[in-house]
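First comes the structure, then the notes that go with it.
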Amino acid sequence: MLQTKNLKFSYDGKTILDFPDINCQRGEQWLLIGQSGSGKTTLLHLLGGLRKPKQGEILIDGKDTRQLSSTALDKFRGKNIGIVFQKPYFVRALTVEENLMLAQQLAGQDINREYIYKLLNQLNVGHKFKSKIDNLSEGEKQRVSIARALVNRPAVILADEPTSALDDKNCQEVIKLLEQQAKEANATLLIVTHDGRLKDLVKNQIQL
Amino acid sequence: MSTLKLAWKNLTNKPLNMALSLVLFALGVGMISMIFLIEKQVQEKFDKNLAGISLVIGSKGSPLQMILCNMYHVDDPTGNVKIKDVKPFLSGRNPLIEKAIPLSLGDSYKGFRIVGTTQDYPQLYDVKIGEGKIWKNNFEATIGADVAKIVNLKIGDTFHSTHGFLSDGMNGHDHGEFKVVGIFQKSNSVIDQLILTTTQSIWEVHGNHDEPETTEEEPESETETDNHEGHDHAAHDGHDHHDHDHPAPQKPLIEEVDQEITSILIKFKESSKKSFQALTMLRGINENTEVMAASPAIELNRLYDNMSLGESFLRNLAMIIVFVSGLSIFISLFSSLRDRKYELALMRVMGATPTKLFILIIVEGLLLAIIGYVIGIILSHLGMSIFAGQMEDKYHYSFTATKFLKEEFYLLGGALLIGFIAAVIPAIQAFKTDISQTLTES
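Taken in order, these protein sequences are the chains called A and B.
Counting the first sequence from 1 gives a position; the working numbering is that position plus 194.
Counting the second sequence from 1 gives a position; the working numbering is that position plus 3.
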């Protein structure tokens, strides 16, 4: 489902980041652990098609994302990859509901309100769907960003340090929700983190 | 969600920024459109009332004042001329002249001027009788449509004239009693705001009918229209108008050599309009006679020239405001883009193409321009309705605030262009958003 071979990347042409091969099957949950500066976020961006690798292959659902034109890649990403960022980014002028609708629309999907409400309810933010993003707490924002990552039923969910800003209780809850939602959608979940608390929560692990 | 809706939400999310851009833009557009509106309507009024008049002949003074007074009825007369001095023009024997229309000014009713003239005068403007008939005998009056409407005069009503042109009703100075015999149709010409009667009525009112000796004081009183304390014409009238029977004028106008009129409007024959004699007539009169001639076309051009100085200043000022408002749209989009760079990167992550982001920012700029334009046009037409009210109070000229010009349509094109130009640099930046770099920056 999510596979890399010989993946290499370089920012300046001298220092080369050499990533271990990844092979995650559909529905599996993986933890990618590495210290700050080890290239975790870079790898996640490569996997998510936000950057182009210097060398190597990235296969998502059997498709080599490097072969796609940039427009096709934009659409492919919107539809097949859900990304939860370290900081919860949103279009601030829009409400929770509108942000999720925008995610569906930009990915070229039909707007599915029912699914949006279902997701938000499952993530315990159902009552906030008409709120502006600025009126949410950090924990709520993180949940809504998980909902957004899931809203197009992607094949792959990438999460970049989703718990770093959360306390222990919220941390456990968020991981549980991510796992639960990924399982429900039969999506591959890859969490990138340096958060030691997660080591005991996720079985499959890759060390950078 | 359409791009338009998203752009709208983005703009309204920062209401103060939006308001600043809109106020500036609306101000600029409003000023330019208002200048167009006033200029156009003033010129239209002037041109419409030209009515083919080639020359105005009257007493010596300011030629522009004479034109304004006798053709547009907005200024005081320059004085009076004796019939004998202008007889050659009135006689009908001049081969160049198609029509020579005498005007006698000096009296008014509730601010509306009473003009003693011949029936040729309304014909000049193609004005038709709406109700009743045209005046024929002395102290019969046919009144303009606006006069009838504003002071509520009907056929058969009588009114007393007042010396001078002021509307504050100097009661002690009531002149003769006029009877309304007809009301003209609305024509948008100067006739709408005038009360027309015979030339002889004006003479009678001023008490110098067949009394040439009293005419000496008339030129002064005609020019000093705002200072008439203790100057009552009725006192030396010699008879009472109320029970006086006014027969049709017996003697032709032209034989009343010692009587005075204010001016003559001259219309040349079509065939002789461009002839050498017609062209030199103006100079000939001014150099060789005691009276003055002025060409409305020349005087109006001079007036427009003077007006255009102020106009071009205002127009430049409006241009500067529009430029600043364009700059404000640019700055507001640019700075909002800084706050929103994560949003834009996020939209890319969610599947938006760079072109989509480009269009979004352009639409935001255009939206500001369109809304600013609409507010500006509303402002200018509101301003125009205030201006129209003032013009009506002061000069009885009616202007309209509901007329839209094609120039205003062009202005929309200009507004859109400015919105686009202001948005294009921020839009290019949005287009070039590097998702990965932006998202790792935090």
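C-beta atoms are modelled at their ideal positions from N, C-alpha and C, and glycine is treated no differently.
Identified DSSP bridge partners for residue i
i, result
"residue 224 (chain A)", "A:384, A:398"
"residue 278 (chain A)", "A:353"
"residue 163 (chain B)", "B:180"
"residue 145 (chain B)", "B:185, B:199"
"residue 143 (chain A)", "Outside the shown range of chain A (195 to 402) lies residue 143 (chain A), about which nothing can therefore be said."
"residue 62 (chain B)", "B:294"
"residue 203 (chain A)", "A:211"
"residue 267 (chain B)", "B:60, B:105"
"residue 289 (chain A)", "A:326"
"residue 361 (chain A)", "None, per the DSSP bridge assignment."
"residue 258 (chain A)", "A:253"
Segment limits, alpha helix (DSSP H) that includes residue i
i, result
"residue 403 (chain B)", "Per DSSP, residue 403 (chain B) belongs to no alpha helix (DSSP H) and is neither H nor E."
"residue 383 (chain B)", "357-398"
"residue 249 (chain A)", "Element bounds for residue 249 (chain A): not the alpha helix (DSSP H) but the beta strand (DSSP E), 249-254."
"residue 409 (chain B)", "409-434"
"residue 13 (chain B)", "6-15"
"residue 308 (chain A)", "307-316"
"residue 39 (chain B)", "18-51"
"residue 333 (chain A)", "332-344"
"residue 240 (chain A)", "234-241"
"residue 254 (chain B)", "Unbroken run through residue 254 (chain B): none, as it is neither H nor E."
"residue 351 (chain B)", "344-352"
"residue 439 (chain B)", "438-444"
Chain D contact residues for residue i, given Cβ-Cβ distances below 9 Å
i, result
"residue 302 (chain A)", "Of the protein chains in the structure, A and B, none is chain D."
Report task. With a floor of 4 residues, list each alpha helix (DSSP H) that falls wholly inside the region 270-307 of chain B, ordered by position along the chain. Result -> 279-291
Report task. Within the region 81-115 of chain B, note down every full alpha helix (DSSP H) run reaching 4 residues or more, in order along the chain. Result -> 86-93
Query raised in the report: At which residue ranges does the region 116-141 of chain B contain complete beta strand (DSSP E) runs of 3 or more residues, listed in the order of the chain?
Result: 132-135
Query raised in the report: Looking at chain B, which residues of the region 283-299 of chain A have a Cβ within less than 8 Å of any of its Cβ atoms?
Result: 283, 284, 285, 286, 287, 288, 292, 295, 296, 297, 299
Report task. Count the CB pairs spanning the region 353-371 of chain B and the region 48-62 of chain B that are closer than 8 Å, and state whether there are at least three. Result -> no
Requested in this report: Please name the residues in the region 417-431 of chain B whose beta-carbon is closer than 9 Å to at least one beta-carbon of chain A, in chain order.
Outcome: none
Query raised in the report: Are the region 269-289 of chain A and the region 370-383 of chain B touching by the rule of at least three beta carbon pairs closer than 8 Å?
Result: no
Query raised in the report: Is the number of C-beta pairs between the region 249-266 of chain A and the region 303-321 of chain A that are closer than 8 Å three or more?
Result: no
Report task. Would you be able to state if there are at least three C-beta pairs under 8 Å between the region 115-129 of chain B and the region 190-206 of chain B? Result -> yes
Query - the region 268-282 of chain B touching the region 92-111 of chain B, judged by at least three CB pairs closer than 8 Å - result: yes
Query - Validate contact between the region 178-198 of chain B and the region 141-155 of chain B using beta carbons, cut 8 Å, 3 pairs - result: yes
Query raised in the report: Using 8 Å as the threshold, is the region 232-239 of chain A in touch with the region 427-445 of chain B, meaning 3 or more CB pairs across them?
Result: yes
Requested in this report: Count the CB pairs spanning the region 276-292 of chain B and the region 106-115 of chain B that are closer than 8 Å, and state whether there are at least three.
Outcome: no
Query raised in the report: Taking a cut of 9 Å between CB atoms, which residues from the region 229-241 of chain A lie near chain B?
Result: 235, 236, 239, 240
Query - Residues in the region 332-351 of chain A having any Cβ partner in chain B nearer than 9 Å - result: 342, 346
Query - Meets three-Cβ-pair contact criterion under 8 Å: the region 77-90 of chain B and the region 130-141 of chain B - result: no
Query raised in the report: Just by C-beta distance, which residues in the region 263-278 of chain A are closer than 9 Å to chain B?
Result: 264, 265, 268, 269, 270, 271, 272, 273, 275, 277
Query raised in the report: Using Cβ-Cβ distances below 8 Å, what residues of the region 393-415 of chain B are close to chain A?
Result: none
Report task. Using a Cβ-Cβ cut-off of less than 7 Å, list which residues of the region 432-445 of chain B approach chain A; keep chain order. Result -> 438, 439, 442, 443, 445
Query raised in the report: Touching or not, the region 308-326 of chain B and the region 21-40 of chain B, by the rule of three or more beta carbon pairs under 8 Å?
Result: yes
Query raised in the report: On the three-pair Cβ rule with 8 Å, is the region 398-417 of chain B touching the region 340-351 of chain B?
Result: no
Report task. Could you list the residues in the region 243-258 of chain A with a C-beta less than 8 Å from some C-beta on chain B, going in chain order? Result -> 244, 245
Query raised in the report: Pairing CB atoms from the region 368-378 of chain A with CB atoms from the region 8-24 of chain B, are three or more of them under 8 Å?
Result: no
Query raised in the report: Which of the residues in the region 111-129 of chain B, read from start to end, lie with their CB under 9 Å from any CB of chain A?
Result: none
Query raised in the report: Does the region 347-365 of chain A come close enough to the region 376-386 of chain A that 3 or more CB-CB pairs lie under 8 Å?
Result: yes
Query raised in the report: Taking three-plus beta-carbon pairs below 8 Å as touching, is the region 198-216 of chain A in contact with the region 327-338 of chain A?
Result: no
Query raised in the report: Which residues, in order along the region 333-347 of chain B, keep a beta-carbon less than 7 Å from a beta-carbon of chain A?
Result: 345, 346
Query raised in the report: Can at least three beta-carbon pairs, one atom from the region 220-228 of chain A and one from the region 387-398 of chain A, be found at a separation below 8 Å?
Result: yes
Query raised in the report: So does the region 356-372 of chain A actually touch the region 284-294 of chain A, counting three or more Cβ pairs closer than 8 Å?
Result: no
Query raised in the report: How about the region 306-317 of chain B and the region 393-412 of chain B: do they share at least three Cβ pairs that are nearer than 8 Å?
Result: no
Query raised in the report: When you check each C-beta in the region 9-36 of chain B against every C-beta of chain A, which residues fall closer than 7 Å?
Result: 12, 13, 16
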